[in-house]
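The listed protein sequences derive, respectively, from chains H and Y. Residue numbering for the first sequence follows the numbering used here, beginning at 6 and increasing consecutively. Residue numbering for the second sequence follows the numbering used here, beginning at 1182 and increasing consecutively. In this text, a Cβ means the ideal position worked out from N, Cα and C, and glycines have one as well. Remember, predicted model here, so these are calculated numbers, not experimental data.
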Amino acid sequence: MSKVTRFSGSDPGSTARVSGFIAHLREHGFHLGVAETETALRALSCVNPIVPSEARLALKSVCAGSVEDSVQFDKLFDSFWMADGRVRHKVIQTKATAKLKDTKSTRTDETQSIAGEGSIQAPEDAKDGEDSYAEGTGKLVASKTQNLMKKDLRELVSAEDIRAAEQVAIRLGKALRDRRSRRRKVARKGTLIDLRRTIRQSLSTGGDPLHLAKRKRPDRPMKIVALCDVSGSMMHYARPFLAFLAGLIRADSASDAYLFHTRLVRITDALRDDDPLRALNRITLLADGFGGGSKIGANLQQFANGYARNFVDGRSVVIILSDGYDSDAAEVMGTALAKLKRRGCKIIWLNPLKGWKGYEPVAKGMAAALPYLDAFAAAATLADLAGLERTLERL
Amino acid sequence: MTSWINLQTSLDKIGYVASNDLAAALHISITLGRPLLLEGAAGVGKTEVARALATIQNTQLIRLQCYEGLDASQAIYEWNYQRQLLSIRAASEVGETGSTVETRIFSEDYLLERPLLKAIRQEKSPVLLIDEIDRADEEFEAYLLEVLSEFQITIPELGTITATSRPLVILTANGTRDLSDALRRRCIYAHIDYPNRQTELAILASRCPEIEARLGQQIIGFVQKLRQEELEKVPGVAEMLDFAAALAGLGIKDLTSDPAVLQATLATLLKTQADRAAVPIEVAARIAGKAA
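Shown next as structure tokens:
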């Protein structure tokens, strides 16, 4: 164990230092609030905080909330408290940041990590592209460039499309009912007698239970969370898929929608706009870089670590609309989906290319994703989506 | 100041060997009155922590086993419907009025306590073990959050019941599903891993003192090696103790002496068909040889 960090004389005191440490953890992805700072201080008073190992145990039990957190906590603790002096402390901290970004693959770091990866995929694809262009696969190269040109979504989707999609989305939503619910609720016609209510009501008839209150297991609607890939390779399918997303959000108030290309954007709130066309307009503003490169793995990872923690649970069905051509490493996709799966949701991948003759999930990312999928189906048009009803019923 | 070490020592005395992480987290959760969330693989002794804690605090252990579909009538309270019905009947014979009957049948005499209600109505703080919380569904988790922060339960017919003493709450989870951030944030967290060689030897020595030191070394070596194999269900501490007890019962002094008997006792460690097939007699003998 190295030396303890020496703070300068102007340092405001131990309380501020602990809150500084909490801020340090927060910067590195820990979900900690003000209440945790207080708990941490109280926890420190339970042990002998002068001894670093005891302080570490106390802070760890408060701040870490999972196995991954515990491992990361030790590193962050060392970088904050165990560094030798202010200068070195800073150096170590930046090192930790770099390491973190590597695992999380946030945007800034991707340019570097892809350098190695892209050379394997992109040039090969580009070479193939020439002769396979005749077969129509030339557009499937996973590109990494961010397309900063704004595309107007209104050119792509019309109001009629949205209305048709709304119908499809309603039907799909109905197909996705969770029949596993084991809780019961009061119902007029049920299978079990609700004794509590029956007895309460029998009071008025002198103890004769004339009215039997019943309970049943309610069907619970599943929540649909749709993630739509709008990278360059998916442009051909953007029209039906965007209409589907818009229809979905309008049909079902519990559903949730996201777009991704090189970034992940939550478009649920924008799509809730009363006017469907104004909604698309708002998305156009949000989805800067539409039609650019594809970073499926990184986006899914960001989704699993961020939005999914609030919006995905055991009653969610995550629908991913993408062709699986990814410029990220395949493992990123695998770990991201594994993490997502741990939230207990169902994952459905709709791939427009699956319907093609001779298509196999050759894209490396797609192959890594397959073990985590509950359903992998073809869908390129709105009619295809409507045809999924059966598949979803079986889930 | 080092009171968590005292806690560790007293746990040790009654046969529970706790790591520093666990002892400190346990001490903090007791002092701050926060629930303790324990995570770890099956069979590392999560449930045992609660039992040990109840023993050293000399208090009652109240256990709530979670499962999918667990609801208020199983976890908190339920009215005793049979008694209520009888009482209403009896009252109508005597000619009692409706309102007096109602007050009577919705009194505490007719209330069946379930673990959560029982835990907050004890004279002395009990240990409340909420086992495998990840098996219960999200609704129950949300309800639990409310009970754990307020320590009061509202029964519409009776009113609000406030805790007479705050229970020491221990929640365990082994990753059936992810728990909500809200629950994690409210808890003090500790992860329990498979014990290392020294710790496991100490556990074996305190639980099965009749086993000789040499055999003990062999047993621990064998089990620790076995955990590194590709198994479906990795043997936990409880399995190791069963294994040791089985060997002691068969009067074995040396693991390597009789491969056939060793293979037979593996039934205590390997609990699936695939795992049994993965460790045939030669492999078991080889591992035992290495461990010795």
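Buried versus exposed call for residue i [16 or more other C-beta atoms within 10 Å across all chains shown]
i: Gly-1430(Y); result: exposed
i: Gln-1379(Y); result: exposed
i: Leu-1293(Y); result: exposed
i: Ile-55(H); result: exposed
i: Asp-333(H); result: buried
i: Gln-1265(Y); result: buried
i: Glu-171(H); result: buried
i: Thr-1281(Y); result: exposed
i: Asn-315(H); result: exposed
i: Ile-119(H); result: Any reading at Ile-119(H) must be qualified, since the residue scores a pLDDT of 38, below 50, and its modelled position is unreliable; the value itself is stated next. Result: buried.
i: Ile-1462(Y); result: exposed
i: Gly-1276(Y); result: exposed
i: Val-39(H); result: exposed
i: Ser-1184(Y); result: exposed
C-alpha distance - residue i paired with residue j, whole-angstrom precision
i: Met-1421(Y); j: Glu-1249(Y); result: 30 Å
i: Gln-306(H); j: Ala-1466(Y); result: 44 Å
i: Arg-61(H); j: Ala-391(H); result: 55 Å
i: Glu-1283(Y); j: Thr-1335(Y); result: 18 Å
i: Gly-1491(Y); j: Gln-1333(Y); result: With chain Y covering only 1182 through 1473, there is no way to say anything about residue 1491(Y).
i: Asp-318(H); j: Ala-1317(Y); result: 13 Å
i: Glu-41(H); j: Ala-1300(Y); result: 26 Å
i: Gly-25(H); j: Gly-339(H); result: 35 Å
i: Gln-1255(Y); j: Asp-224(H); result: 21 Å
i: Ala-193(H); j: Lys-179(H); result: Here residue 193(H) is Arg; the residue named in the question, Ala, does not match the sequence. The straight-line gap from Cα to Cα measures roughly 22 Å.
i: Phe-1287(Y); j: Thr-210(H); result: 17 Å
i: Ala-1472(Y); j: Val-1404(Y); result: 9 Å
i: Trp-354(H); j: Ile-325(H); result: 5 Å
i: Ser-258(H); j: Asp-274(H); result: 11 Å
i: Ile-1468(Y); j: Val-1460(Y); result: 10 Å
i: Pro-1298(Y); j: Lys-1305(Y); result: With the sequence shown as reference, residue 1298(Y) is identified as Leu, and Pro is not the correct amino acid for it. Taking the straight line joining both Cα atoms gives about 14 Å.
i: Ala-103(H); j: Phe-246(H); result: Low local confidence applies: a pLDDT of 40 at Ala-103(H) is under 50, so the model's placement there is unreliable, with the coordinate-based value given in what follows. Distance between the alpha carbons of Ala-103(H) and Phe-246(H) is about 36 Å.
i: Thr-1212(Y); j: Gly-298(H); result: 53 Å
i: Trp-1260(Y); j: Thr-203(H); result: 12 Å
i: Asp-1374(Y); j: Ser-66(H); result: 15 Å
i: Ala-262(H); j: Ser-327(H); result: 14 Å
i: Ile-1257(Y); j: Tyr-1324(Y); result: 10 Å
i: Ser-50(H); j: Pro-1348(Y); result: 22 Å
i: Gly-1340(Y); j: Glu-1289(Y); result: 11 Å
i: Ser-75(H); j: Pro-357(H); result: 41 Å
i: Phe-78(H); j: Leu-387(H); result: 47 Å
Neighbourhood of residue i by C-beta distance below 6 Å, restricted to the same chain and skipping five residues each side
i: Ala-1371(Y); result: Asp-1202, Leu-1203, Ala-1206, Leu-1219
i: Leu-64(H); result: Ala-45
Beta-bridge pairing of residue i - partner residues as DSSP gives them
i: Ser-321(H); result: Lys-228(H)
i: Gln-1263(Y); result: Answer is none; Gln-1263(Y) lacks a bridge partner.
i: Trp-354(H); result: Ile-325(H), Phe-381(H)
i: Asp-261(H); result: Val-230(H)
i: Val-1308(Y); result: Leu-1242(Y), Leu-1349(Y)
i: Ala-1354(Y); result: Glu-1220(Y)
i: Glu-1294(Y); result: Tyr-1258(Y)
i: Arg-220(H); result: Val-191(H), Leu-197(H)
i: Gly-1340(Y); result: Ile-1336(Y)
i: Ala-1371(Y); result: Leu-1219(Y)
i: Arg-271(H); result: Tyr-263(H)
Cutoff 7 Å; reference residue i; Cβ partners in own chain excluding five residues on either side
i: Asp-199(H); result: Val-191, Ala-218, Lys-219, Arg-220
i: Ile-1209(Y); result: Ile-1369
i: Gly-1470(Y); result: Thr-1437
i: Glu-1391(Y); result: Ala-1429
i: Ile-1401(Y); result: Arg-1378, Glu-1381, Leu-1382, Leu-1385
i: Ile-1269(Y); result: Val-1282, Ile-1286
i: Thr-20(H); result: Leu-46
i: Gln-1189(Y); result: Ala-1199, Ala-1204
i: Ala-1233(Y); result: Leu-1192, Ile-1195, Tyr-1197
The ligand FAD heavy atom lying under 7 Å from the CB of residue i
i: Gln-306(H); result: As far as ligands go, the structure on display features none, and thus does not contain the ligand FAD.
Own chain residues within Cβ distance below 8 Å of residue i, not counting five before or after
i: Arg-1302(Y); result: Glu-1294, Ile-1342, Ala-1344, Thr-1345
i: Asp-278(H); result: Ala-284, Arg-287
7 Å Cβ cut-off: residues of chain C touching residue i
i: Gly-211(H); result: Within the model displayed, chain C is absent; protein chains H and Y are what it includes.
For the region 19-45 of chain H, which residues have a beta carbon sitting closer than 9 Å to at least one beta carbon of chain Y? Taking 9 Å as the Cβ-Cβ cut-off against chain Y, the residues of the region 19-45 of chain H that qualify are His-36, Leu-37, Gly-38, Ala-40, Glu-41, Thr-44.
The region 1184-1215 of chain Y: which residues have C-beta closer than 8 Å to a C-beta of chain H, in chain order? Cβ contacts with chain H come from Ser-1184, Trp-1185, Asn-1201, Asp-1202, Ala-1205, Ala-1206, His-1208, Ile-1209, Ser-1210, Thr-1212, Leu-1213, Arg-1215.
Taking any Cβ of chain H, which residues in the region 1298-1314 of chain Y have a Cβ under 7 Å from it, in chain order? Those residues of the region 1298-1314 of chain Y that come within reach of chain H (Cβ to Cβ, closer than 7 Å) do not exist; the list is empty.
What are the residues in the region 1273-1293 of chain Y lying within 7 Å of chain H by C-beta distance? Residues Ser-1273, Gly-1279, Val-1282, Glu-1283.
Please identify, using Cβ separations under 9 Å, the residues of the region 1378-1391 of chain Y that lie next to chain H, in order along the chain. Listed by position, the residues of the region 1378-1391 of chain Y near chain H (Cβ gap below 9 Å) amount to none.
Of all the residues that make up the region 188-210 of chain H, which are near chain Y by a beta-carbon distance shorter than 9 Å? The residues in question are Arg-188, Arg-189, Leu-200, Arg-201, Thr-203, Ile-204, Arg-205, Ser-207, Leu-208, Ser-209.
Below 7 Å between beta carbons is the criterion; list the residues of the region 340-355 of chain H that meet it against any residue of chain Y, in chain order. Contact residues of the region 340-355 of chain H toward chain Y are Arg-347, Arg-348, Gly-349 (C-beta to C-beta distance below 7 Å).
The region 1248-1271 of chain Y: which residues have C-beta closer than 7 Å to a C-beta of chain H, in chain order? Under the 7 Å Cβ criterion, the region 1248-1271 of chain Y contributes Glu-1249, Gly-1250, Asp-1252, Trp-1260, Tyr-1262, Gln-1265, Leu-1266, Ile-1269, Arg-1270.
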